[in-house]
Amino acid sequence: MHGARRTRLVLVVLLIVAIGLITLDFRESGSSPAHNIGADLFGPIERVAGSAASPAVGFFHNTTGDDSAEIANLQRQNDQLRAELSASQLSKSEQAQLTRLLQLSGRGGYRIVAASVIAAGGEYSDMVTIDAGSRDGIAVNETVLNGDGLVGVVSQVSRTTATVQLATDVSATVGVRLAGTNEIGALTGTSQTMEGSGDLQLKLFSTTAVLHPGEALVTFGSVGGRPYVPGVPVGEVAAVNSEPGSLTQTAAVRPFVDFTGLGVVGVVIVPPRVNPRDSVLPPKPPSPSPRPSSRHSSVRK
Amino acid sequence: MRRVRRTLVGAGALLFALVVQMVIVNRSSLPGGGIPDLVLITVAALGVANGPLGGLLAGFSGGLAMDIAPPGGHLAGEYALVFCLVGYWCGRLREMLDTAGEPSTVSALTVMAAGVIAGECGKVAIGLMVSDPNVTVPVVEYVLPGAVLYDLLLSPFALWLISFLSGRSRPARERERARVIHPQFRPRLLSTPQAAGVLRLASEGGVPRLRLADARGRSRIVPSRREPKLHLRSSGRSAFLASRTSGGTSLTPSTSAGGRPARLNFSSPGPVPNSAPLLRQGSSKLAKPGKGWLRSGGRGKRGGWPTREGGYRPGSATKYRYRRGRGIGGHG
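Residue numbers (numbering that gives the first Met the number 0), protein chains in the order written: chain A, 0 to 300; chain B, 0 to 331.
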């Protein structure tokens, strides 16, 4: 029985160690040094593996639900920017994403560091790892966006990698503003894995405001541009919930960003000098419903 | 050598599973909602293949790596706790099933299936316990069935791969080696005190009785152990030899032997101390000869047990076989 007893002893010791780790991490609300050690240890491995595997992952997402018109459009943009992009190792889909990212950040006046998503968390976490870290000038609590809109916020930084908490995370809350009406509210994530898309939950602060489906949302902005810079497109109202007895209106918001197919993202390292207001919103949102475009034209007049 | 190889294979498999999980699997959206957990599958396979200790070490390290590897999203130690238990119980259950019979692929796959289901449920449970905001009931209902299904589909491949890489496909050689080395199967001649007793009996006029030992029906299961062995049987005048051979349960009264010619005794010697004269290959009641013999072969196939246990040490043979035969399977 000596071997079995030793095994049980090891088991008990390791279980106690695990519970101790959980306790430490719980006290520091998920930012204990263990995560930094893990980032230093596994970050470089994921960088190498992620860059090697990105064509495969990109292929996966490009084959699902592509539009021939969109392909032609992206192809044109690729050809246009291929000369000025020195990133010859980027794939076509990555180039297209980078192009749109640069266009969006140019409209808003954000200074960004471009990075690629190299790894993602499991079913129960809405986090991704990007291949840029503190040596690229990235710090905690900086806004992350891509060509479509808001992605999330940097939650942890190591030297060569950074972890991004997606806007779909349940513990993420973004201050948003309705384009046009300037009503403000708070947007919290449901989980990304829900129903594939992961609608966000909007709760308006005003008791008198009326929500309409199709209204677009941009970030309201935080003090000093952290964690959220102003003016980043977030999504549009998909369905208004009328809960009897609640003071304010809530709504489900469909994000502009496809969180399941993240590729190239940008981290805003310098917020814009002036609030871009609604100018960053796409002229025609890439949503199939025609309603937003007409609304945007009415907003601009 | 085998231990080193198994350790390397385990560590490599865990690292590979972790990287593929983070870089590819987590980023792809599969039909059905859930995604497989490659690290959990690897831990269960290592537990089944390497036993409880190997399983729990693999589970702790793999789970901790999953906790602290960059995207993370949950507290450090959560998956280490769950996977540690999964690895340990996979090893334990496999041993328990093995003691009931020959180690089979079916039992291994059953244990693995139970392990991955328990692991997926354990991930949910620990998330709820530490009130992870992302683990909510709708999410679990959406994710869990698909995840379990994908895990079950991938389990046989993982088990085959781990077994193949660990070099499990050498059962015959292992069993042969176990038979050669095992002290119970090492032929022994009369030891000096026994020979002295026989000589003394002969000089005093007593005639040592000869009998066939180990001719009980049970041991006929294993043909290689059925060769009759000659036992020197004391005539009862020598308390020394009588106490050593008859063991009190022999069918022939040990006192009626004086002066009679040698005869063959087909009775079993019963629970005789292991140091009885001549070779009795595990014929004591405690040793359960047939099953013990099969099992020792099975252990050899899985590799490394006798050397890890130290059971091949001369002199500890009875203890070793007793442990095998107890059927508890408690073993490092």
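For each residue, glycine too, the CB sits at the ideal point set by N, CA and C.
Everything numeric in this text was worked out from a predicted model, so none of it was measured.
Open item on the list: Any beta carbon of chain B sitting closer than 8 angstroms to that of A/Val-252?
Closed with: On the first sequence, residue 252 of chain A is found 253 positions in, with the first residue counted as 1. No, A/Val-252 lies away from the interface with chain B (no Cβ there is under 8 angstroms from its Cβ).
- [ ] Taking B/Met-341 as part of the alpha helix (DSSP H), name the residues at either end of that continuous run.
- [x] Any property of residue 341 of chain B remains undetermined from this structure, which presents chain B solely from 0 to 331.
- [ ] Using a Cβ cut-off of 8 angstroms (strictly closer), state whether A/Ser-104 contacts chain B.
- [x] Along the first sequence, one-based indexing puts residue 104 of chain A at 105. Taking Cβ atoms only, chain B never reaches closer than 8 angstroms to A/Ser-104, which makes this a no.
TODO: Evaluate A/Thr-160 with the Cβ neighbour count: other Cβ atoms within 10 Å of its Cβ, from every protein chain shown; 16 or more gives buried, anything less gives exposed.
DONE: Taking the first residue of the first sequence as position 1, residue 160 of chain A is located at position 161. With a 10 Å radius around the Cβ and a threshold of 16 neighbouring Cβ atoms, A/Thr-160 comes out buried.
Open item on the list: Using C-beta distances below 8 angstroms, list every residue in its chain close to B/Asn-49, excluding the 5 sequence neighbours before and after it, in chain order.
Closed with: On the second sequence, position 50 is the one that residue 49 of chain B refers to. Arg-5, Gly-9, Ala-57, Gly-90 and Ser-165, listed in sequence order.
Task: Contacts that A/Asp-24 makes with chain B (C-beta to C-beta distance below 7 angstroms) - done: For the purposes of this step, residue 24 of chain A is taken as residue 25 along the first sequence, with counting starting at 1. Those within 7 angstroms of A/Asp-24 in chain B are Leu-74, Ala-75 and Gly-76.
Open item on the list: Between B/Val-136 and B/Ile-116, how many whole angstroms is the CB-CB distance? I'm expecting something under 8 angstroms.
Closed with: Residue mapping note: residue 136 of chain B aligns to position 137 of the second sequence, counting from 1. Residue mapping note: residue 116 of chain B aligns to position 117 of the second sequence, counting from 1. Incorrect: roughly 19 angstroms between the Cβ atoms, too far for contact.
Task: Coarse secondary structure for A/Thr-172, derived from DSSP in three states - done: Against the first sequence, residue 172 of chain A aligns to sequence position 173. Under the three-state reduction of DSSP output, A/Thr-172 falls in the strand class.
- [ ] Can you have a look at A/Ala-48 and say buried or exposed, based on whether 16 or more other CB atoms are within 10 angstroms of its CB?
- [x] For this step, residue 48 of chain A is matched to residue 49 along the first sequence. Buried, by the Cβ-count rule.
Task: C-alpha distance - A/Gly-236 paired with A/Gly-174, whole-angstrom precision - done: Stepping through the first sequence from its first residue, residue 236 of chain A is reached at position 237. Stepping through the first sequence from its first residue, residue 174 of chain A is reached at position 175. In the sequence on display, residue 236 of chain A carries Val and not Gly. Rounded to whole angstroms, A/Val-236 and A/Gly-174 show a C-alpha spacing of 15 angstroms.
Task: Endpoints, beta strand (DSSP E) assigned at A/Thr-142 - done: For the purposes of this step, residue 142 of chain A is taken as the residue at position 143 of the first sequence. Per DSSP, A/Thr-142 belongs to the beta strand (DSSP E) from 142 to 145.
- [ ] Measure the C-alpha to C-alpha separation of B/Leu-44 and B/Lys-122 and round it to an integer number of angstroms.
- [x] Counting from one through the second sequence, the residue named residue 44 of chain B turns up at place 45. Counting from one through the second sequence, the residue named residue 122 of chain B turns up at place 123. One detail in the question is off: residue 44 of chain B reads as Ala in this sequence, not Leu. Linking B/Ala-44 to B/Lys-122 through their CA atoms gives a straight-line distance of about 18 angstroms.
Task: Against chain A: residues of the region 109 to 120 of chain B by CB proximity under 8 angstroms - done: Nothing from the region 109 to 120 of chain B brings a Cβ to less than 8 angstroms from some Cβ of chain A.
TODO: Output, in sequence order along the chain, the residues in the region 24 to 46 of chain B whose CB is closer than 8 angstroms to any CB in chain A.
DONE: Within the region 24 to 46 of chain B, contact with chain A at the beta-carbon level (separation under 8 angstroms) is assigned to Asn-25, Arg-26, Ser-27, Ser-28, Gly-32, Gly-33, Ile-34 and Asp-36.
TODO: Check each residue of the region 141 to 156 of chain B: if its Cβ is closer than 7 angstroms to any Cβ of chain A, include it; give the result in chain order.
DONE: Cβ contacts with chain A: Tyr-141, Val-142 and Ala-146.
- [ ] Flag this pair as yes or no: are the beta carbons of A/Ser-31 and A/Asp-24 separated by less than 8 angstroms?
- [x] Your numbering for residue 31 of chain A matches position 32 in the first sequence. Your numbering for residue 24 of chain A matches position 25 in the first sequence. The Cβ atoms of A/Ser-31 and A/Asp-24 lie closer than 8 angstroms to each other.
- [ ] Check the C-beta distance from A/Val-133 over to A/Ser-157 and give it rounded, since I have them as a contact under 8 angstroms.
- [x] Indexing the first sequence from 1 puts residue 133 of chain A at position 134. Indexing the first sequence from 1 puts residue 157 of chain A at position 158. According to the sequence as given, residue 133 of chain A is Ser; it is not Val. Taking a contact as a CB-CB distance under 8 angstroms, the pair A/Ser-133 and A/Ser-157 counts as one, their CB atoms being some 7 angstroms apart.
- [ ] Please look up how many angstroms separate the CB atoms of B/Ala-157 and B/Ile-40, rounded, as I've assumed it's under 8 angstroms.
- [x] Here residue 157 of chain B refers to the residue found at position 158 of the second sequence. Here residue 40 of chain B refers to the residue found at position 41 of the second sequence. The distance from the Cβ of B/Ala-157 to that of B/Ile-40 is about 5 angstroms, consistent with a contact at the 8 angstroms cut-off.
Open item on the list: Contact criterion: CB-CB distance below 8 angstroms. Does A/Glu-45 meet it with respect to chain B?
Closed with: The count along the first sequence starts at 1 and reaches residue 45 of chain A at position 46. Residue-level contact check: A/Glu-45 touches chain B, since one or more beta carbons of chain B fall below 8 angstroms from its beta carbon.
TODO: Please check if any C-beta of chain A sits within less than 8 angstroms of the C-beta of B/Val-134.
DONE: The residue labelled residue 134 of chain B in the question sits at position 135 within the second sequence. B/Val-134 counts as touching chain A.
TODO: Can you give me, in chain order, the residues of the region 114 to 125 of chain A that have a beta carbon less than 8 angstroms from any beta carbon in chain B?
DONE: Result list: Val-116, Ile-117, Ala-118, Ala-119, Gly-120, Gly-121, Glu-122, Tyr-123, Ser-124 and Asp-125.
- [ ] Show which residues of chain B have a CB atom less than 7 angstroms away from the CB atom of A/Leu-13.
- [x] Along the first sequence, read from residue 1 onward, the residue named residue 13 of chain A stands at position 14. Ordered by position in chain B, the residues that pass the 7 angstroms Cβ test against A/Leu-13 are Leu-55, Phe-59 and Cys-83.
Task: Cβ-based contacts, 8 angstroms cut-off: residues of the region 213 to 232 of chain A near chain B - done: Listed by position, the residues of the region 213 to 232 of chain A near chain B (Cβ gap below 8 angstroms) amount to none.
Open item on the list: Is B/Met-95 close to chain A? Criterion is C-beta to C-beta, closer than 8 angstroms.
Closed with: For this step, residue 95 of chain B is matched to residue 96 along the second sequence. False, the Cβ-Cβ gap to chain A never drops below 8 angstroms.
Task: Residues near A/Val-209 by beta carbon distance below 8 angstroms, same chain, minus five either side - done: Within the first sequence, residue 209 of chain A is the residue found at index 210, counting from 1. Cβ neighbours of A/Val-209 beyond the five flanking positions: Gln-248.
Task: Contacts of B/Leu-52 in chain A (Cβ-Cβ under 7 angstroms) - done: As a position in the second sequence, residue 52 of chain B is number 53, starting the count at 1. Residues of chain A whose Cβ lies closer than 7 angstroms to the Cβ of B/Leu-52 are, in chain order, Thr-6 and Val-9.
Task: Nearest residue (CA-CA) to A/Gly-121, options B/Pro-70, B/Glu-94 and B/Leu-127 - done: The count along the first sequence starts at 1 and reaches residue 121 of chain A at position 122. The option with the nearest alpha carbon to A/Gly-121 is B/Pro-70.
Task: Reference A/Ser-154, options A/Gly-148, A/Gly-146, A/Asp-147 and A/Thr-142, closest by Cα - done: Here residue 154 of chain A corresponds to residue number 155 of the first sequence, with the count starting at 1. Measuring from the Cα of A/Ser-154, the nearest candidate turns out to be A/Thr-142.
- [ ] Could you spell out where the alpha helix (DSSP H) holding B/Leu-56 opens and where it closes?
- [x] One-based indexing of the second sequence puts residue 56 of chain B at position 57. Counting along the chain, the alpha helix (DSSP H) containing B/Leu-56 begins and ends at 37 to 67.
Task: Given A/Gly-179 as reference, the closest of A/Leu-14, A/His-211, A/Asn-145 and A/Thr-187 once Cα atoms are compared - done: Numbered from its first residue, the first sequence carries residue 179 of chain A at position 180. Ranking A/Leu-14, A/His-211, A/Asn-145 and A/Thr-187 by Cα distance to A/Gly-179 puts A/His-211 first.
TODO: Leaving out five residues on either side along the sequence, give the residues of the same chain with a beta carbon under 7 angstroms from the beta carbon of B/Ser-60.
DONE: As a position in the second sequence, residue 60 of chain B is number 61, starting the count at 1. Leaving aside the five residues that flank B/Ser-60 on each side, the residues in its chain whose CB is nearer than 7 angstroms to its CB run, in chain order, Leu-13.
Task: Contact set between A/Ala-38 and chain B, taken where Cβ atoms lie within less than 9 angstroms - done: Position 39 of the first sequence, counted from the start, is the residue given in the question as residue 38 of chain A. The answer, in chain order, is Ile-67, Ala-68, Pro-69 and Gly-71.
TODO: Pull up the distance between the alpha-carbon of A/Ser-190 and that of B/Val-129, whole angstroms please.
DONE: Residue numbering aside, residue 190 of chain A sits at position 191 when the first sequence is read from its first letter. Residue numbering aside, residue 129 of chain B sits at position 130 when the second sequence is read from its first letter. Cα to Cα, the separation comes out at about 17 angstroms.
Open item on the list: Against chain B, does A/Ser-301 count as a neighbour if the rule is that its beta carbon must be under 8 angstroms from one of theirs?
Closed with: This structure cannot speak to residue 301 of chain A, because chain A is shown only from 0 to 300.
Open item on the list: Would A/Leu-20 pass as an interface residue toward chain B - the criterion being a Cβ-Cβ separation below 8 angstroms?
Closed with: Locating residue 20 of chain A in the first sequence gives position 21, where the first residue counts as 1. Yes, contact with chain B.
Task: Among A/Arg-225, A/Arg-272 and A/Val-239, the one whose alpha carbon lies nearest that of A/Thr-172 - done: Within the first sequence, residue 172 of chain A is the residue found at index 173, counting from 1. Considering only A/Arg-225, A/Arg-272 and A/Val-239, the residue with the shortest C-alpha distance to A/Thr-172 is A/Arg-225.
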